[in-house]
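Okay, structure first, notes after.
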Ligand code: SF4
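In this note's numbering, the protein residues as written are 192 to 520.
This is how it looks when you write it as structure tokens:
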């Protein structure tokens with residue numbers, strides 16, 4: 192293992208840091224460099240203009256070794272003078288003091304105990320979490336300070352913390368969801384090379400559900416021309432139903448700057464025949480046309496209803512999920 196001091200002002204805005212950064216490479220994480228920082232704050236307020244159904248987030252990491260080609264968070268790495276491609280996958284910023292800072296912020300009399308969402312920017316259960324173990328302390332702190340929360344992940348590492356989650360769900364509302372856009376294994380290896388397989392993620396859903404924690408499936412992203420056909424959608428919905436998913440939320444791919452270049456570069460190499468379709472769908476916007484999105488969502492919702500899974504709308508309206516223990520109490 193090698194640890195080097197990193198001049199703070201070359202990589203990060205020192206206004207947000209509480210001390211110098213450290214650059215760490217470990218033989219257990221080949222190809223990955225960790226940048227350990229001490230953050231000044233950890234609870235992030237979501238801008239009022241955002242349409243997401245939560246106002247607070249926690250992101251203990253920046254960058255994500257899950258390395259999904261389409262990851263919408265890629266551009267945020269450029270704020271650190273990293274690139275949105277390979278750097279995003281391999282240069283991971285770790286807020287090593289996340290738990291202490293969070294406890295301080297939760298203890299403020301002004302904290303309103305609003306819902307806190309995690310895994311909404313990058314995955315809080317990516318491989319780095321195996322080394323840094325920040326999430327158990329974060330979960331315990333949120334529960335202790337009566338703050339409801341949700342976790343979205345593609346990582347199976349969440350199961351390490353299942354006891355923390357079950358204990359938290361006895362005190363506060365806890366929501367979990369796994370992100371599984373498709374169950375095509377060839378495509379998975381190509382598009383989401385650093386993630387556990389979609390079936391492992393669905394096993395996570397089953398285990399969380401069996402532990403009494405409701406777990407949904409974010410069927411995202413749906414990739415035009417690759418996974419938007421009936422066969423792919425039906426296979427994914429049926430696998431989610433088998434895993435006990437409490438709901439399914441379909442989301443069509445969007446391509447903001449950063450993700451756009453990285454994903455389209457891959458597409459033109461692997462599926463050049465689809466480039467004209469993407470030019471039509473994403474030529475003017477980061478989002479596919481509303482009509483296309485509605486068409487795809489309707490089909491997923493129909494499949495979900497037929498498979499006996501609750502409507503996506505139900506989960507989107509309010510993530511108010513409790514564990515069985517709490518419901519029966
Ligand atoms: S797991 Fe999520 S955050 Fe990580 S690369 Fe994939 S889409 Fe991005």
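C-beta atoms are modelled at their ideal positions from N, C-alpha and C, and glycine is treated no differently.
Whose CA, out of 393, 364 and 376, lies closest to the CA of residue 350? When each option's Cα is compared against that of residue 350, the closest is 393.
Measure the CB-CB distance between residue 283 and residue 254 and report whether it falls below 7 Å. A contact, by the Cβ cut-off of 7 Å.
Would you kindly work out how many angstroms separate the C-alpha atoms of residue 214 and residue 395, rounded to a whole number? Cα-Cα distance, rounded: 32 Å.
For the region 260 to 297, which segments carrying the beta strand (DSSP E) assignment without a break, of at least 3 residues, lie completely within its bounds, in sequence order? Fully enclosed beta strand (DSSP E) runs of no fewer than 3 residues occupy 282 to 286 of the region 260 to 297, in order along the chain.
Just verifying my parser: in three-state terms, what is the DSSP assignment at residue 255? Note: residue 255 maps to coil in three-state DSSP.
Look at the alpha carbon of residue 295 and the alpha carbon of residue 342, and state the distance between them as a whole number of angstroms. Across the structure, residue 295 and residue 342 are spaced so that their CA atoms are roughly 21 Å apart.
Proximity test, residue 286 beta-carbon vs ligand 1 heavy atom, cut-off 6 Å: Checking every heavy atom of ligand 1 against the Cβ of residue 286, none is found closer than 6 Å.
How about the region 231 to 243 and the region 434 to 448: do they share at least three Cβ pairs that are nearer than 8 Å? Contact fails between the region 231 to 243 and the region 434 to 448, because fewer than three Cβ pairs, one in each stretch, are under 8 Å apart.
Three-state secondary structure assigned by DSSP to residue 315: Three-state DSSP puts residue 315 in coil, outside helix and strand.
Do you know whose CA, among 252, 390 and 424, lies nearest residue 289's CA? Per the Cα distances, 252.
Within 5 Å of ligand 1: residues by beta-carbon to any heavy atom: Per the Cβ criterion, the list is 255, 257, 259, 262, 313, 314 and 345.
At which residues does the beta strand (DSSP E) containing residue 225 begin and terminate? Segment 224 to 228, the beta strand (DSSP E) holding residue 225.
Restricting to Cα atoms, I'd like to know which of 379, 467, 249 and 397 is closest to residue 292. That would be 249, whose Cα lies nearest to the Cα of residue 292.
7 Å CB neighbourhood of residue 458 in its chain, flanking five on each side removed: Once the five neighbours on either side are set aside, the close Cβ partners of residue 458 are 465, 466 and 469.
If we count Cβ pairs, one from each stretch, closer than 8 Å, do we get three or more for the region 415 to 428 versus the region 216 to 236? Contact between the region 415 to 428 and the region 216 to 236 is not established, with fewer than three Cβ pairs separated by less than 8 Å.
From residue 314 to residue 267, what does the alpha carbon distance come to, in whole angstroms? Cα to Cα, the separation comes out at about 14 Å.
Where the beta strand (DSSP E) containing residue 370 begins and where it ends: Per DSSP, the unbroken beta strand (DSSP E) holding residue 370 starts and ends at 365 to 370.
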